[in-house]
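Heads up, the thing below is written out as structure tokens.
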Amino acid sequence: MRRGEVWDYRSISRTRRVLVVSAEALNTAGVPIIVDVTDIEPGSPALLLLAVGLGTELGGWARCRSISTGDPARFETLVGRASVEAMEQVDMALSAALSL
Numbered sequence: 000m001r002r003g004e005v006w007d008y009r010s011i012s013r014t015r016r017v018l019v020v021s022a023e024a025l026n027t028a029g030v031p032i033i034v035d036v037t038d039i040e041p042g043s044p045a046l047l048l049l050a051v052g053l054g055t056e057l058g059g060w061a062r063c064r065s066i067s068t069g070d071p072a073r074f075e076t077l078v079g080r081a082s083v084e085a086m087e088q089v090d091m092a093l094s095a096a097l098s099l
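Every letter in the sequence shown is one number past the one before it in numbering that gives the first Met the number 0, and letter 47, counting from 1, is 46.
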């Protein structure tokens, strides 16, 4: 898995869609950091600041308030890759969420 890729990810209770946001060094080390992708549009201005539209083909919205590490064995299907522009917006949303 690589930064910017969108995957179907098998969690304990269900399969969900995720976006890989970590640096390549972490991905190579087997410690990818992911955010959830959802088809539900953010409902408030505050949540919109922490979401990035990826397009319907990738699953909708990257929720940059939902950050976790992923288990490489649970990545099932590569769905596609977020655009450079979308990843720049993800960087800004993560920076805002984490005061970086």
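Cβ coordinates follow ideal geometry from the N, Cα and C atoms, glycine included.
*Can you give me the Cβ contacts of Arg-2 inside the same chain, cut-off strictly under 8 angstroms, excluding the 5 residues immediately before and after it?*
Here the question's residue 2 lines up with position 3 in the sequence shown. If we look at Arg-2 and ignore the five residues flanking it on each side, its Cβ neighbours are Val-19, Val-20, Ser-21, Ala-22, Glu-23, Asn-26, Met-86.
_Gly-23, enclosing alpha helix (DSSP H) - first and last residue_ = Walking along the sequence shown from the start, residue 23 turns up at place 24. Sequence check: residue 23 is Glu here, not Gly. Unbroken alpha helix (DSSP H) run through Glu-23: 23-27.
*asked:* I'd like the span of the alpha helix (DSSP H) that includes Val-83, first residue to last.
replied: Along the sequence shown, one-based indexing puts residue 83 at 84. From DSSP, the alpha helix (DSSP H) with Val-83 extends over 83-97.
*Going by the beta-carbon positions, is the gap between Asp-35 and Val-17 smaller than 8 angstroms?*
Position 36 of the sequence shown, counted from the start, is the residue given in the question as residue 35. Position 18 of the sequence shown, counted from the start, is the residue given in the question as residue 17. Closer than 8 angstroms, so yes.
*Thinking C-alpha only, which one of Arg-64, Gln-88, Leu-48, Glu-56 is nearest Leu-77?*
Locating residue 77 in the sequence shown gives position 78, counting from the first residue. Cα-wise, what sits closest to Leu-77 is Glu-56.
*Note the first and the last residue of the continuous beta strand (DSSP E) segment covering Leu-53.*
Here residue 53 corresponds to residue number 54 of the sequence shown, with the count starting at 1. Per DSSP, Leu-53 belongs to the beta strand (DSSP E) from 50-54.
*Helix, strand or coil: how does DSSP classify Arg-73 here?*
The residue you call residue 73 lines up with position 74 of the sequence shown. It is helical.
*State whether the segment 41-51 contacts the segment 3-15, with contact taken as three or more CB pairs (one from each stretch) at a distance under 8 angstroms.*
In this structure the segment 41-51 does not touch the segment 3-15; the number of beta carbon pairs closer than 8 angstroms is below three.
*With which residues is Ile-39 paired in a DSSP beta bridge?*
Numbered from 1 along the sequence shown, position 40 holds the residue referred to as residue 39. Ile-39 pairs with nothing; no bridge assigned.
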